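Mapped onto full-length UniProt numbering, the consecutive letters of the sequence shown carry residue numbers 1 to 264. Cβ coordinates follow ideal geometry from the N, Cα and C atoms, glycine included. Quick caveat: nothing in here was measured; it's all calculated off a predicted structure. Here the structure comes first, spelled out in structure tokens, and everything after it is commentary.
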Amino acid sequence: MDKSDPSALMSKLLLQRWKMLSAVCPVKGCYNPLLENPENQKTFCANHGYTEDMSLDSSPDSETVSKDEKVNQELISKNEPQQSDTPIFSEFPNNTDRVKRQRVFAQEQIGQLLLTGWTLLDTTCPNKECVGIPLVRNSDHIEKCVACGKNYISESAYLKNKEKFLHTKDESSALSKNTAVPSAPKKASPPTKSNTLKSNPAVEGHAELSIACSDIQKTIIDSVNKKILDLLKMLQESKDTSEINNILDTIQNCISLNKSISKE
């Protein structure tokens, strides 16, 4: 791996939990996104080093460039194992197409889960085969990766829902034993009130109003769902970080709107 390559340095730092910011390097002519050091919150450019130490001249001199390359090499070698010449993604070379297909599949699956109440998280799957796939979480705080299918849960969330998980496990065990469960006796059907309803205009009017409200709610929900699908298509095509964040926020707002309508 070429240690003077800015993209290689950025990849390495991102794997070390550095945060990519929306701002770009202030040096004229350099459009690299800035990274934030998690230890001291200082901003860093893969080309020119820490922003507080850099010169804002349009063309840095050779001494500055040499200094920056030295800083970059030190950052790479700081936590790099002995086999540092091995490419970061050596397990799956030429994986551009695979990663692209994986992300398209993940976006579709995440969209379906968001429609059912799951929440999109800002953390990605720790599985090295899942490149940049964000996790989603359900109401039981179970985190899921749609690409590899693995589930994750924090210790605090497990302890909070431990009884519920154990109860679900016991129910599954009981069903697996094929124990015959006697069917409950059928209750007699209540007497029909069709004649009463027909003779009561107030009840008829209330029923018609309920049906009308239900139709309106369904129409609104269908429209919102169509909008969500349009947003998911935009999300798949967008490459701008700011635009992606705005699209995700809008999707979450649409899902919240559907939930509030369904409760009414």
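- prompt: What's the C-alpha gap between Asn32 and Val24?
  reply: Rounded to the nearest angstrom, the two C-alpha atoms are 6 Å apart.
Cβ-Cβ distance between Arg137 and Leu121 below 9 Å: A contact, by the Cβ cut-off of 9 Å.
- request: Could you check what DSSP says for Pro33 in three-state terms: helix, strand or coil?
  value: Here Pro33 sits in strand by DSSP.
message: Pairs of beta-carbons, one from the segment 107-118 and one from the segment 227-235, closer than 8 Å: are there three or more?
response: They touch, by the three-pair rule.
message: Just to confirm my understanding: we take Gln236, look at its own chain, exclude 5 residues before and 5 after, and list those with CB closer than 7 Å. What are they?
response: Excluding residues within five positions, the ones whose Cβ falls inside 7 Å are Val104, Gln107.
- request: Pull up the distance between the alpha-carbon of Ala147 and that of Thr119, whole angstroms please.
  value: Each residue's alpha carbon lies about 16 Å from the other.
- request: Could you name the residues that DSSP lists as bridge partners for Met20?
  value: For Met20, which the question treats as bridged, DSSP gives the partners Leu35.
task: Output the distance between the C-alpha atoms of Ile142 and Leu34, rounded to the nearest integer angstrom.
output: Roughly 33 Å between the two C-alpha positions.
- request: Helix, strand or coil for Gly149, going by three-state DSSP, please let me know.
  value: In the structure shown, Gly149 sits in coil (DSSP, three-state: anything other than H, G, I, E or B).
- prompt: Shortest alpha-carbon distance to Pro38 belongs to which of Gly49, Cys125, Lys19?
  reply: Comparing C-alpha distances from Pro38 to each of Gly49, Cys125, Lys19 shows the shortest one belongs to Lys19.
message: Can you give me the C-alpha to C-alpha distance between Glu243 and Asp249, rounded to a whole angstrom?
response: Cα to Cα, Glu243 sits roughly 10 Å from Asp249.
- prompt: Buried or exposed: where does Lys144 fall if 16 or more other Cβ atoms within 10 Å of its Cβ makes it buried?
  reply: Around the C-beta of Lys144, 16 or more other C-beta atoms lie within 10 Å, and the residue is accordingly described as buried.
- request: Measure the C-alpha to C-alpha separation of Lys227 and Ser238 and round it to an integer number of angstroms.
  value: Cα-Cα distance, rounded: 16 Å.
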